[in-house]
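There are 2 protein chains.
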Amino acid sequence: MVKAIVAGNYGEGYRLAGEIGAETLGVVEKVFPDGEQYVRISEPEKAKGSKVVVVSTMYPMQDQAFIKLLMLGDALARSQAAMYLAVIPYLAYSRQDKVFMPGEPVSALIVVNTLKAAGFRKLVVVDFHSSSLLSQLNDYIVNVMVSDLLVKTLMSDAERPVILAPDKGALERARFAANSIGVDYDYLVKSRDRVTGEVSYTPRELRVAGRDVIIVDDIVSTGGTIAEASRMLMKQGARRIHVATSHGLLVGNALTRMLDAGVRRIALANTLGVRVDHPLVEYVDVVPRLATVVKEILGSEP
Amino acid sequence: MVKAIVAGNYGEGYRLAGEIGAETLGVVEKVFPDGEQYVRISEPEKAKGSKVVVVSTMYPMQDQAFIKLLMLGDALARSQAAMYLAVIPYLAYSRQDKVFMPGEPVSALIVVNTLKAAGFRKLVVVDFHSSSLLSQLNDYIVNVMVSDLLVKTLMSDAERPVILAPDKGALERARFAANSIGVDYDYLVKSRDRVTGEVSYTPRELRVAGRDVIIVDDIVSTGGTIAEASRMLMKQGARRIHVATSHGLLVGNALTRMLDAGVRRIALANTLGVRVDHPLVEYVDVVPRLATVVKEILGSEP
Numbered sequence: 001m002v003k004a005i006v007a008g009n010y011g012e013g014y015r016l017a018g019e020i021g022a023e024t025l026g027v028v029e030k031v032f033p034d035g036e037q038y039v040r041i042s043e044p045e046k047a048k049g050s051k052v053v054v055v056s057t058m059y060p061m062q063d064q065a066f067i068k069l070l071m072l073g074d075a076l077a078r079s080q081a082a083m084y085l086a087v088i089p090y091l092a093y094s095r096q097d098k099v100f101m102p103g104e105p106v107s108a109l110i111v112v113n114t115l116k117a118a119g120f121r122k123l124v125v126v127d128f129h130s131s132s133l134l135s136q137l138n139d140y141i142v143n144v145m146v147s148d149l150l151v152k153t154l155m156s157d158a159e160r161p162v163i164l165a166p167d168k169g170a171l172e173r174a175r176f177a178a179n180s181i182g183v184d185y186d187y188l189v190k191s192r193d194r195v196t197g198e199v200s201y202t203p204r205e206l207r208v209a210g211r212d213v214i215i216v217d218d219i220v221s222t223g224g225t226i227a228e229a230s231r232m233l234m235k236q237g238a239r240r241i242h243v244a245t246s247h248g249l250l251v252g253n254a255l256t257r258m259l260d261a262g263v264r265r266i267a268l269a270n271t272l273g274v275r276v277d278h279p280l281v282e283y284v285d286v287v288p289r290l291a292t293v294v295k296e297i298l299g300s301e302p
Numbered sequence: 001m002v003k004a005i006v007a008g009n010y011g012e013g014y015r016l017a018g019e020i021g022a023e024t025l026g027v028v029e030k031v032f033p034d035g036e037q038y039v040r041i042s043e044p045e046k047a048k049g050s051k052v053v054v055v056s057t058m059y060p061m062q063d064q065a066f067i068k069l070l071m072l073g074d075a076l077a078r079s080q081a082a083m084y085l086a087v088i089p090y091l092a093y094s095r096q097d098k099v100f101m102p103g104e105p106v107s108a109l110i111v112v113n114t115l116k117a118a119g120f121r122k123l124v125v126v127d128f129h130s131s132s133l134l135s136q137l138n139d140y141i142v143n144v145m146v147s148d149l150l151v152k153t154l155m156s157d158a159e160r161p162v163i164l165a166p167d168k169g170a171l172e173r174a175r176f177a178a179n180s181i182g183v184d185y186d187y188l189v190k191s192r193d194r195v196t197g198e199v200s201y202t203p204r205e206l207r208v209a210g211r212d213v214i215i216v217d218d219i220v221s222t223g224g225t226i227a228e229a230s231r232m233l234m235k236q237g238a239r240r241i242h243v244a245t246s247h248g249l250l251v252g253n254a255l256t257r258m259l260d261a262g263v264r265r266i267a268l269a270n271t272l273g274v275r276v277d278h279p280l281v282e283y284v285d286v287v288p289r290l291a292t293v294v295k296e297i298l299g300s301e302p
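Protein sequence lines correspond, in order, to chains A and B. Sequential numbering of the first sequence, starting at 1, is according to the UniProt record's numbering. Sequential numbering of the second sequence, starting at 1, is according to the UniProt record's numbering.
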């Protein structure tokens with residue numbers, strides 16, 4: 001029998017538990033007055049001998065969420081679960097996926113390897129940032145792409161649409177959506193004018209004039225990159241700019257920043273513990289797709 | 001050549017670096033707008049081939065401090081340090097040192113084992129809470145006791161002093177201070193009146209009437225236990241109550257709570273990233289003792 005533990009930071013997890021037919025195990029979660037976290041599985045005897053799916057996310061409060069996952073892993077090992085995996089729709093620290101400058105850690109690997117050491121059999125993640133780590137980690141991270149779902153919700157009123165990745169690193173995500181829907185795609189190239197020093201973003205091959213552009217990316221944090229890209233594309237004659245991003249962290253005034261730069265609609269996945277409420281922002285439910293993936297894993301893992 | 005890295009949360013670390021004759025390596029520390037942390041060793045080439053002492057503490061913001069330590073460990077491994085250890089005057093999560101109720105994790109072991117996996121050769125800790133883990137962990141944690149130093153600063157105006165541990169678990173700490181100074185010690189026993197149901201704390205053997213009591217403990221968080229003990233001891237005729245606690249987290253109104261309950265003076269160790277400023281609170285510098293211990297380790301570790 002499959003059991004699920006849904007961490008308090010990701011309410012969507014209850015539907016996931018339902019869709020995979022798992023019984024939800026209760027967890028006591030609290031924070032002591034001094035800031036230390038505490039968790040306890042309410043009925044550990046139900047975890048014993050079971051396959052357990054832990055559902056949590058890592059935004060907001062990335063560090064707290066990480067430690068809570070380690071605690072749940074430890075509690076499940078001690079409760080003698082047959083095996084346990086984690087569904088972490090948003091896996092934080094994934095952008096620090098290599099040593100960009102000497103002296104840096106690779107935080108993404110720290111997070112993943114520590115969760116592995118905590119006994120999680122696999123991590124199921126929505127739109128993991130780092131393609132290089134995905135190939136390095138030998139299927140330990142199961143990446144669930146959702147850019148097609150996000151783009152589809154924006155297609156209803158799109159004219160001559162084109163999908164653009166904001167950089168070459170995000171191209172795979174754009175291609176995935178474009179191919180499944182059947183529209184053109186390209187990526188933006190950053191260039192600097194040799195005389196004025198001005199930086200600009202232009203699509204590598206396509207022309208955007210008169211077309212609706214859908215920018216596809218995985219994480220939108222301060223909205224700076226998208227705002228800049230949007231302004232450039234508008235200058236190049238784009239008709240309208242839409243944004244399809246899996247993880248809408250939307251820090252500070254990110255939303256205003258993008259809308260001011262000409263963005264008309266934003267589609268986000270429901271991967272975080274928070275949501276913004278705004279008429280131009282639409283959340284796409286990725287729980288059914290996660291459920292399909294989790295069921296497959298549970299079927300194949302002993 | 002020994003190098004030191006002092007994390008931004010523990011300014012006392014610079015003196016420690018000085019006392020062990022280490023060159024301090026710069027670290028860039030920042031927090032991204034979305035809350036993720038970033039660290040980078042400024043001159044990693046200086047870490048290469050060196051013994052490196054990382055000095056950080058785990059209060060306030062235990063979870064952030066923990067992850068920063070993991071990042072520094074990873075960065076040092078990648079910078080090819082010959083070996084590195086961590087001085088963590090206050091090691092958080094040490095109170096959850098066993099499964100008190102089924103379904104719980106052992107958070108103290110998670111923290112210690114994860115730091116070990118991050119490559120820290122040893123952890124040097126002031127007054128580690130868990131005696132059971134100290135014996136389990138095969139000298140991985142080097143525990144630096146300081147209760148004698150704290151008690152000494154309170155002895156100047158103590159009359160017929162007696163040292164009391166608030167429970168049997170803290171007895172070793174009380175004994176250590178008492179033996180090094182040469183005064184009586186005992187521990188408090190919690191008992192419940194069978195008729196009224198009232199809980200009281202009384203010393204197991206000694207009488208406190210007319211004597212100055214110095215309560216010795218490792219961590220004071222909300223001050224609840226000490227306030228209660230203080231009230232009981234005053235009822236039993238104690239002359240004055242002093243408190244010697246290594247880690248003064250002093251959450252919320254902890255200080256007022258203790259002073260209201262009759263506590264006259266409080267001695268704390270400088271193990272945290274924060275201090276309170278109050279005429280009845282005195283900080284005792286434990287850096288020289290830490291330095292002695294670190295020098296010994298560096299001398300014996302290849």
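No residue lacks a Cβ here, since even glycine has one placed at the ideal position from N, Cα and C.
query	result
Neighbouring residues, chain A, relative to valine 99 of chain B (Cβ below 9 Å)	Ala75, Arg78
Integer Cβ distance of lysine 51 of chain B from methionine 83 of chain B, believed to fall under 8 Å	5 Å
Any chain A beta carbon closer than 9 Å to leucine 137 of chain B	no
Ordered list of alpha helix (DSSP H) runs contained in the UniProt domain "Phosphoribosyltransferase" (147-247) of chain B, each at least 4 residues	147-154, 171-181, 224-235
Beta strand (DSSP E) runs wholly inside the region 272-297 of chain A, at least 3 long, in chain order	281-284
Partner residues on chain B for phenylalanine 66 of chain A, Cβ-Cβ distance less than 8 Å	Asp63, Ile67
Proximal residues to alanine 209 of chain B (C-beta, below 6 Å), its chain only, five neighbours per side dropped	Gly237
Chain-ordered residues of the region 33-63 of chain A with a beta carbon less than 9 Å from chain B	Pro33, Asp34, Gly35, Glu36, Gln37, Tyr38, Val39, Arg40, Ile41, Ser42, Glu43, Pro44, Glu45, Ala47, Tyr59, Pro60, Met61, Gln62, Asp63
Asparagine 113 of chain A: first and last residue of the uninterrupted alpha helix (DSSP H) it sits in	107-117
Valine 251 of chain A: contacting residues in chain B (beta-carbon distance under 7 Å)	Pro33, Asp34
Nearest-angstrom Cα separation, counted from valine 54 of chain A out to glycine 103 of chain B	14 Å
Three-state class that DSSP yields for lysine 98 of chain B in the structure shown	coil
Listed by chain order, chain A residues near valine 106 of chain B by CB distance under 7 Å	Asp74
Per-residue contacts from proline 102 of chain B into chain A (C-beta, under 7 Å)	Pro44
Segment limits, beta strand (DSSP E) that includes tyrosine 38 of chain A	37-41
Members of the region 114-125 of chain B that neighbour chain A once the beta carbon cut-off is set at 8 Å	Thr114, Ala117, Ala118
Segment limits, beta strand (DSSP E) that includes arginine 264 of chain B	263-269
Lysine 122 of chain B, DSSP secondary structure in three states	coil
Per-residue DSSP class, three states only, for glutamate 104 of chain A	coil
Lysine 48 of chain B - containing alpha helix (DSSP H), residue span	Unbroken run through lysine 48 of chain B: none, as it is neither H nor E.
Proximity below 9 Å, CB of valine 151 of chain B to CB of valine 124 of chain B	no
Chain B residues whose Cβ lies nearer than 7 Å to that of threonine 222 of chain A	Pro33
Glutamate 19 of chain A, DSSP secondary structure in three states	helix
For isoleucine 5 of chain B: DSSP bridge partner residues	B:Val54
Neighbour-count burial assignment, arginine 265 of chain A, 16 or more Cβ in a 10 Å radius	buried
In DSSP terms, what threonine 256 of chain A is bridged to	DSSP, once it has assigned bridges, lists no residue as partnering threonine 256 of chain A.
Closer than 9 Å to chain B by CB, methionine 145 of chain A	no
Beta-carbon proximity check, lysine 48 of chain B vs glutamate 23 of chain B, cutoff 9 Å	no
Pairwise C-alpha distance: isoleucine 67 of chain B and threonine 57 of chain A	17 Å
Cβ neighbour criterion (16 or more within 10 Å) applied to methionine 232 of chain B	buried
Buried/exposed call for serine 156 of chain A, threshold 16 Cβ in 10 Å	exposed
Proximity below 9 Å, CB of methionine 234 of chain B to CB of isoleucine 241 of chain B	yes
For valine 106 of chain B and leucine 206 of chain B, the rounded distance between their alpha carbons	35 Å
Among A:Ala118, A:Ser147, A:Glu29, nearest to isoleucine 110 of chain B - alpha-carbon criterion	A:Ala118
Buried versus exposed call for histidine 129 of chain A [16 or more other C-beta atoms within 10 Å across all chains shown]	buried
Cutoff 7 Å; reference serine 79 of chain B; Cβ partners in own chain excluding five residues on either side	Ile41, Pro44, Ala47, Lys48
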